[in-house]
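Colleague: Mind looking over this structure? Questions follow.
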Amino acid sequence: MGRCRERLSPRAEYGEKRLRECKWDKAVTLEIPGDWTSGVYVGRLTTLSDASGYGYWQSYVVFIVRDDRPA
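Rendered as structure tokens:
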């Protein structure tokens, strides 16, 4: 997928029962090619480290691809 431009979202305020509803704007869209097999996928998100080598971290996103064509 390559590099993505970061987008900061405002911190969500506490609501009822101290729960937060983030309502973040969409930052990235991934177009799934038609030849991907239905299944569970894991995307790895990685930051770029600064010049000193610090500030590097990774996180993961799980998503499902399914074929919507009728059987």
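Sequential numbering from -18 applies to the sequence shown in this note's numbering.
Every residue, glycine too, gets a C-beta built ideally from N, C-alpha and C.
For the region 40 to 51 against the region 16 to 32, do three or more pairs of beta-carbon atoms, one drawn from each stretch, fall closer than 8 angstroms, so that the two count as touching?
Modeller: yes
Colleague: Looking at the structure shown, is R1 part of a helix, part of a strand, or coil, going by DSSP?
Modeller: As a working note, residue 1 is residue 20 in the sequence shown. For R1, the secondary structure class from DSSP, reduced to helix, strand or coil, is strand.
Colleague: From P51, V9 and S19, pick the residue whose C-alpha is nearest to that of G(-17); which is it?
Modeller: For this step, residue -17 is matched to residue 2 along the sequence shown. Checked all of P51, V9 and S19; the closest Cα to G(-17) is V9.
Colleague: Are the Cβ atoms of S19 and D49 separated by less than 7 angstroms?
Modeller: Taking the sequence shown and counting its residues from 1, the one referred to as residue 19 is at position 38. Taking the sequence shown and counting its residues from 1, the one referred to as residue 49 is at position 68. For S19 and D49, no; Cβs fall outside 7 angstroms.
Colleague: Since I believe R1 is in contact with A(-7) (beta carbons under 8 angstroms), could you give me their beta-carbon distance rounded to a whole number of angstroms?
Modeller: Stepping through the sequence shown from its first residue, residue -7 is reached at position 12. Stepping through the sequence shown from its first residue, residue 1 is reached at position 20. Between A(-7) and R1, the beta carbon gap of about 4 angstroms places them in contact (Cβ cut-off 8 angstroms).
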